[in-house]
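Below: one structure, written as structure tokens.
2 protein chains.
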Amino acid sequence: MDNMNQYRTVGLEKVELKEGFFREYQELVQRVVIPYQWEALNDRIPEAEKSYAIHNFKVAAGLEEGEFGGLVFQDSDVAKWLEAVGYSLSAAPDPELEKQADEVIEYIEKAQQEDGYLNTFFTLKRPKEKWTNLMDCHELYCAGHMMEAAVAYYNATGKRKLLDVMCRFADHINSVFGTEEGKIHGYDGHEEIELALVKLYKATGEEKYLNLSKYFIDERGKEPNFFLLEWEKRGKSSFWNPSDHRQPEVSYNQAHIPVREQTEAIGHAVRAVYLYSGMADIAALTKDESLKKACKALWNNIVTKQMYITGGIGSTHSGEAFTFDYDLPNDTVYQETCASIGLFLFAHRMTLLEENGSYGDIMERALYNSIISGMGFDGKSFFYVNPMEVWPKASEKNPERKHVAPVRQKWYGCACCPPNLARLLMSLRQYIYTYSEDTIYAHLYIPSKAEIEAGGSKIILEQNTGYPWDGGVRIKLGLNKEMEYTLKLRIPSWCRKYQVSVNGEAMTAEAGQLENGFLSIHRNWCDGDEVVLQMEMPVEIIQSHPEVRANAGKVSIMRGPLVYCLEETDNGPNLSALSLEIGTGFELKEEAGLMKGALSITGQGFRISDKEWNHSLYRPFKAEEEKTEIKAIPYFLWGNRDKGEMLVWMNHK
Amino acid sequence: MDNMNQYRTVGLEKVELKEGFFREYQELVQRVVIPYQWEALNDRIPEAEKSYAIHNFKVAAGLEEGEFGGLVFQDSDVAKWLEAVGYSLSAAPDPELEKQADEVIEYIEKAQQEDGYLNTFFTLKRPKEKWTNLMDCHELYCAGHMMEAAVAYYNATGKRKLLDVMCRFADHINSVFGTEEGKIHGYDGHEEIELALVKLYKATGEEKYLNLSKYFIDERGKEPNFFLLEWEKRGKSSFWNPSDHRQPEVSYNQAHIPVREQTEAIGHAVRAVYLYSGMADIAALTKDESLKKACKALWNNIVTKQMYITGGIGSTHSGEAFTFDYDLPNDTVYQETCASIGLFLFAHRMTLLEENGSYGDIMERALYNSIISGMGFDGKSFFYVNPMEVWPKASEKNPERKHVAPVRQKWYGCACCPPNLARLLMSLRQYIYTYSEDTIYAHLYIPSKAEIEAGGSKIILEQNTGYPWDGGVRIKLGLNKEMEYTLKLRIPSWCRKYQVSVNGEAMTAEAGQLENGFLSIHRNWCDGDEVVLQMEMPVEIIQSHPEVRANAGKVSIMRGPLVYCLEETDNGPNLSALSLEIGTGFELKEEAGLMKGALSITGQGFRISDKEWNHSLYRPFKAEEEKTEIKAIPYFLWGNRDKGEMLVWMNHK
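Residue numbers (my numbering), protein chains in the order written: chain A, 892 to 1544; chain B, 892 to 1544.
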């Protein structure tokens, strides 16, 4: 079914992570995160907020007495866990885990209603209010996540039970929503089902699911506005605050204008990038140029105007939302882990639309910075918000900084991020390459072994790299027979110098041309051919576009794909009193107590003296600074030692 | 009654403003603000939010049909207007205005209940709920403002009607509140009555009012906490959000611990400084050393750790509150006009407690910056929030900046600030001097004529100055007879060089000693003696204490008491791309279109170039800057031209 599409993904079952950076993450997820989340979903983590998620399904299935607990979208946590389990089982069998999952799937099947409907909140609490508040209540969102889980579990195990459940539910949704008279001409307040239906279509080959996804995308934002009609119909009240009768701001849900007219990322950041992902899917599968154009405009708006250096998005806590171009405050940042994951997913889908290295650049940027910063070493503590600076006292005492947790939390009542991280890390291997009939694209550098059928042959790619600590990448090809083919290696935008060789022979500039961010190697490949890409990875001092007012006069430190930050543990308190010397040399050092192989960066700078202030708060300017060392660690590793200040954007001299 | 006090204020009727900076403000208030506010209180300003304030009194008086409108503390707007009218009438007779005021006082008298109770909200809307929610409902706050009005009007006109009304109400309050059994052992959620009762005591000589004030101060914050008991009693609900059952944070109301134990300014900033003002009054009048100690600790905490350079306070919109030491964010600042006024009032009361130039310094700082910035040239537009930086697009599109209005508003539904400004400006002349039997203190430099009876003689002080544009001050003494006496002139903390002469003869260092921030001139004074103080007033580049993270690496510009700021009108968009050159020369220029005599400051600096960014958001650091002029205008004048960006703290080189 993927055939219509020019660019294709590689099935999870065809890729295996090899020893290295992300293999460790994958193992952490398998060994700790999935079991820990299982405990969390079953409310067995002491001192953590209760989930109720499994309980809800059991009650809805008639297997347990009790009431619905948790948030209206609690079902989705089970879905994301099951999805991660699917990916995990496709990487390595685990009969015990599979048994757990099968059991949960039993509950889910039993919780499904006669007509196919499935949602424990509405089944248990408001059976008469199904489909009456699409804007607030996440029914289709939860459905979407369960569809993703069903596809993942089916692909991993071949077991159809959950897939069948979700096809029945999709058919029911298809009977309820659409342009036809008598159907609801609506769509969900939290996009997700759009991309999920595409997965269901790919797994089953049923075009009706593709069409339903396309319907949700086409309908969104049309006049008269569905959410406003729905709001009037239910007496102008909000699910979250029934006494609030203000007209809802439908741009929060990206429903202010039809999606093809949207050019600026707006509203709730996770919703936005999930929608854009679905749009990119449909654009690719239906060759819809107007949709592709909208995707590109939205992409460009995000990455050139609304994205933190860490690949995070969401400039405000209020609505967990985008704000506007160049508004990237560090102190009141939101940058939710889920939003970074959503941007990654959007980027991946853009690689299926057109050849452009920028998509892989941003996947890499988000992945190594704002995504994995969401989880602690222990696999049991998580950030929902990924701040750009932390002053623990402000988090405690300034209400406008309260959303910034200075330490990772055990679990959240609204636990979208931890299971989202788990499913991404468990499926990461499918994002390394894409391919077409004549070209393989390497988007990510991760030690792995992948098998691709293309150009009438089977191609095995064995990739080896010390990424992100080292810029060397070695890719060995395994072939049945000699073949003419193109291998395109993404040259990251951070990389300013690199060498490439094939079988030890350096490529000349003419032979290896940089096109759209890829180094293209076209040749007659033989079995055992080896490409070596050596990217120089110096420490760089980075600045922001001058329109980013929050970073004016400030710089950050990067090395390769990694953004670095300062922590109080290394630099003492009051990080804002430090300024980095432009032109300083940097020393790299393997840092004990952080992570195997992790490199810290030490440079020279200055510290404003706080002596001679004599209890005054303001005084005529005196340059009183001491020379000092400044030590930075990778951003994704912050908050793994003592609680303290953290800073990404620092002053400079 | 003032006799017990070492330091005394000068009665309003004894001081007259002369032509100069504040005389113009006073005339603006008389000519425009008071009449405009009269229209506002009567709901006759088109397009402005409705006040209902006069309407409410008329309805409560039985003179008009209708319902209560506006906020629970709407009565206080009428009180503040009447207070300003009193001050105005004491400056210049105005029969028409006096007639208006007398009429309003009629309504007020008629609205008073049999037992003395007076509050239109409770009388009209919740007659059975009087005194049941002291924490939220401002009954004593409104009473306090009306007491201030009554005293002002009585002092100006000799008319006792409102004074009598308020004495009756005070007596009623005295019968309801107190330590005795059967009385409410409570106090108001919004402090104000404490300082107002002191005024009532001073006007009437009735010690019971002083004692009642002292009771409110002594009771506050004791265990068990009154507000929590009250909250439990009313079913744990909040007036502002009845469905919110969270336990209230009583530090918001400075009621978390007894006031004598408080050392850090906390909670709602206006409430806080009104309380501290009352505490300082009681400390002075009752020679209460423990209370004085608390006042000094709170004062020091504010001015050395929690005050913006403009003399503004309140670091967060949420709760309009203090946050914690050195937390002075510029982007999410609150700095309400009323809070600056409250800090001014607190400072003045501290001058009555001890000799220390810092109090006058802060009065001056707040007055010339965050207070008068609250009002536009036209006398009809006002800021509630006084920001330290403005990016109009952020005010519009980032919810966390929404409280920052980029242009002054016509009127507010919660209109505390405009009438507060009016009453302060109309009574400013009483804050210029304080005195004791042997010393006169000059705290503020404002052209004026004051008459003081001290040391057995009448002393007339004619002050002339071009302040704040010019640092020259001339004070001529008028005396009946030669007298030995001390004149202490505050040497502002911004002043690093000055010369003083008496009758043209320069004073030597020995003769004129600087003590506690005052230059002390002790001599045998003769009628016609003239002191000339010449303070050098260079442009200064100012920095913040390094612990103020928000200002790290930034500077601001001051000249004399004035904080300067950059505006887009003068410097083009994106002010954050500018950096001031340390060591630049500055040019002063009289600026057309701002205010007569207003001086702009132009210096040299740099502008980060936004060329060659090629649609990227981040890039390796390149120093690409152009030389540019940077022009600053006085902060208090910002927002009087085109809507645009504004910035106080700027980068530097």
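From the three backbone atoms N, C-alpha and C, an ideal C-beta is built for every residue, glycine too.
With 16 or more other CB atoms across the displayed protein chains lying within 10 angstroms of its CB, B:ALA1313 is buried.
Neighbours of A:PRO1437 across chain B, judged by C-beta separation under 7 Å: ASN1465, ALA1468, ILE1499 and ASP1501. Using a Cβ-Cβ cut-off of 8 Å, B:VAL1446 counts as an interface residue toward chain A, since at least one Cβ of chain A sits closer than that to its own. Taking C-beta atoms as the reference points, B:ILE1343 and B:TYR1324 count as a pair closer than 8 Å. Taking one beta carbon from each stretch, the stretch 1423-1443 of chain A and the stretch 1498-1512 of chain B have 3 or more pairs nearer than 8 Å; the two touch.
For B:GLU1431, the C-beta contacts it makes with chain A under 7 Å involve PRO1511, in order along the chain. In the three-state DSSP reduction, B:GLN1434 falls in the strand class (E or B).
Closer than 8 Å to the CB of A:GLU1245 there is not a single CB belonging to chain B. Beta-bridge partners of A:ASN1415 (DSSP): A:GLU1375. Setting aside the 5 residues that flank it on each side, B:VAL1539 is surrounded in the same chain by MET1279, SER1447 and CYS1456, each with a C-beta closer than 6 Å to its C-beta; the list follows chain order. Scanning its chain for C-beta atoms nearer than 6 Å, with the 5 sequence neighbours on each side dropped, one finds no residue around B:ILE1064.
Contact annotation: B:TYR1165 and B:GLU1083 have beta-carbon atoms nearer than 8 Å. Taking all protein chains in view, the Cβ of B:CYS1417 is surrounded by fewer than 16 other Cβ atoms within 10 Å, so the residue is classified as exposed. Taking 8 Å as the CB threshold, B:TRP1540 stays off the interface with chain A.
For A:HIS1294, no chain B residue has a C-beta closer than 8 Å to its own C-beta; the minimum C-beta separation is roughly 10 Å.
Pairing A:GLY1158 with A:LEU1219, the inter-Cα distance amounts to about 15 Å. Interface criterion not met: the Cβ of A:THR1330 is under 8 Å from no Cβ in chain B. Comparing alpha-carbon positions, the option among B:TYR1250, B:ILE1499 and B:PHE1409 lying closest to A:ALA1443 turns out to be B:ILE1499. Considering only B:GLU1114, B:VAL1224, B:ALA1041 and B:ALA1174, the residue with the shortest C-alpha distance to B:SER1104 is B:ALA1174.
At least one CB atom of chain B sits nearer than 8 Å to the CB of A:MET1198. Not one beta carbon of chain A lies nearer than 8 Å to the beta carbon of B:GLU1458. Within the stretch 1339-1367 of chain B, the complete beta strand (DSSP E) runs of at least 3 residues fall at 1339-1345 and 1348-1356. At a cut-off of 8 Å, the C-beta of B:ALA1443 has a neighbouring C-beta in chain A.
Flagged as an interface residue toward chain B: A:GLN1434, by a C-beta distance shorter than 8 Å.
With 16 or more other CB atoms across the displayed protein chains lying within 10 angstroms of its CB, B:HIS1036 is buried. A:ARG1314: member of the alpha helix (DSSP H) spanning 1308-1318, first to last residue. The CB of B:PHE1215 comes closer than 9 Å to the CB of LYS1284, ALA1285, GLU1287, LYS1288 and ASN1289 in chain A, given here in chain order. If you keep only unbroken alpha helix (DSSP H) runs of at least 4 residues inside the stretch 1161-1201 of chain B, you get 1180-1196. For B:PRO1511, no alpha helix (DSSP H) encloses it; the enclosing beta strand (DSSP E) starts and ends at 1509-1511. For B:SER1392, the uninterrupted beta strand (DSSP E) segment begins and ends at 1389-1393. Boundaries of the beta strand (DSSP E) harbouring B:THR1330: 1330-1333, taken from the DSSP string.
Cβ neighbours of A:LYS1367 within its own chain (closer than 6 Å, five residues either side excluded): GLU1353 and GLU1421. With fewer than 16 neighbouring CB atoms inside 10 Å of its own CB, A:PHE1268 falls in the exposed class. Considering only A:ALA1285, A:TRP1282, A:ILE1337 and A:TYR1217, the residue with the shortest C-alpha distance to A:TYR1259 is A:ILE1337.
By the Cβ neighbour-count rule, A:PRO1310 is buried, with 16 or more other Cβ atoms within 10 Å of its own.
Only ILE1473, ARG1498, ILE1499 and SER1500 from the stretch 1471-1500 of chain A bring a Cβ to less than 9 Å from some Cβ of chain B.
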